[in-house]
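Here my numbering is used: the first residue of the sequence shown is 1, the next is one more, and so on. Accompanying notes for the structure given below.
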Amino acid sequence: EKAFVRVTLESNLRKAIENEDFMLYYQPKFNALTNTIIGMEVLLRWEHEKMGFISPDDFIPIAEETGLIIHLGKWILHQGMQHITAWKRQGVNVGILSINISVMQLQEYHFVETLIQMLQETGCHADWLELEVTEGQVMKNPEQTIQTLEKISNLGINIAIDDFGTGYSSLSYLKRLPIDILKIDRSFIKDIPYDEEDIAISKGIIALAKSLNIEVIAEGVETEEQKIFLLDNDCHYIQGYLYSRPLPLVEIEKLIKELRNSVSLTHTYNI
Ligand code: C2E
Ligand code: CA
Ligand code: CA
């Protein structure tokens, strides 16, 4: 049954890529101290005409195994760059745009050259972008990944390590990676402030980031209690349903406008 579902998904995925049946959703990241948006994460959505929305957790692994992620990943990067460039040109400051990247894309021979070409084509500035790559994927082939990430970082693009704490990073690699920000994995945030171990792990990651002089953000923040814990422990950057779910383009633009309009009333939003 599983094999059947997989084969069905794979053939549908091929068709969807041909037809560009995907949409980018955006989830804002906030500075919880100032209530300002510091950036947006692009999250891919695939709505199948019969099956409805299919979770990226189900189809991204298939796209990776089949190599389809290379083509799909380029489309995501190009769309994302076009959107952020349009926002910046309209004077809408949405902060940095984060795009999830599979390590397979990084391993592609001409990946950095493709990135440069896309930046030129879309008019997107390197420092408007951040690439998120998971800790687990980096550690699969750390030496080569470090080299490619170095090149990308030298272009001025930020590097974020996603799902941090779930993989097996060696501290010596962490020191060598050109990392701008660590994302504390949602699984450690979920049971805060009730689970002592998750509290200890989250505090440890925040301390590690501080001592390595890199930023830290918590993902999957859903409750006020979690936010208070994070603020008390010096993690000011927050992403999660507490602030906003991932939203389609039109709705995220509406949210940005609402926040901007509230500037004159509260002086807390600065976008
Ligand atoms: P991720 O990069 O760790 O993305 C965060 C996931 O958590 C997203 O799920 C998001 O919708 C969800 N999320 C955000 N805030 C909350 C919260 O407060 N509570 C809960 N319960 N969930 C929250 P999504 O969109 O289903 O994506 C799942 C995964 O699929 C992503 O995990 C990422 O690994 C992958 N993915 C999504 N879009 C892309 C893409 O464009 N390229 C690649 N390579 N992978 C992608
Ligand atoms: Ca991510
Ligand atoms: Ca994550």
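By construction, the Cβ of each residue, glycine as well, lies at the ideal position given by its N, Cα and C atoms. Just so we're clear, the structure is a prediction, and the values are computed from it rather than from any experiment.
> For ligand 2, any of its heavy atoms closer than 7 Å to the Cβ of N100?
Replying inline: yes
> Quick one: Cα of R260 to Cα of K2, how far?
Replying inline: 47 Å
> So what does DSSP say about A16, is it helix, strand or coil?
Replying inline: Residue state, collapsed to three classes: helix.
> If you count every other CB in all the chains shown that lies within 10 Å of the CB of L171, and 16 or more means buried, which is it?
Replying inline: exposed
> Excluding five sequence neighbours on each side, which residues of the same chain lie with their C-beta closer than 6 Å to the C-beta of I161?
Replying inline: E135, I179 and L182.
> Are there 16 or more other CB atoms within 10 angstroms of the CB of Q120, so buried, or fewer, so exposed?
Replying inline: exposed
> Exposed or buried, what is K227 when buried is set at 16 or more other beta-carbons lying within 10 Å of its beta-carbon?
Replying inline: So K227 counts as buried.
> Where do the N-terminal and C-terminal ends of the beta strand (DSSP E) with Q27 fall, by residue?
Replying inline: F22 to N31
> What are the boundary residues of the beta strand (DSSP E) that E130 is part of?
Replying inline: L129 to T134
>> Do Y26 and V42 count as a contact pair if the criterion is CB distance below 8 Å?
In response: yes
> Which residues mark the beginning and the end of the beta strand (DSSP E) in which D191 is found?
Replying inline: First-last for D191: undefined, no H or E at that position.
> Once you ignore the five residues that flank T145 on each side, which residues in its own chain have a CB closer than 7 Å to its CB?
Replying inline: V103, L106 and V138
> Just checking, does the region 212-221 make contact with the region 232-245 on the three C-beta pairs under 8 Å criterion?
Replying inline: yes
> Which residues in the same chain have their Cβ closer than 8 Å to the Cβ of K15, if we skip the five residues on either side of it in sequence?
Replying inline: D21
> So the alpha helix (DSSP H) K140 belongs to, where does it begin and stop?
Replying inline: Careful: K140 lies outside any alpha helix (DSSP H) and carries neither H nor E.
> Do E150 and S98 come within 8 Å of each other at the CB atom, strictly closer than that value?
Replying inline: For S98 and E150, no; Cβs fall outside 8 Å.
> Start and end of the alpha helix (DSSP H) containing S172?
Replying inline: L171 to R176
> What does P248 pair with, by DSSP beta-bridge criteria?
Replying inline: Y25
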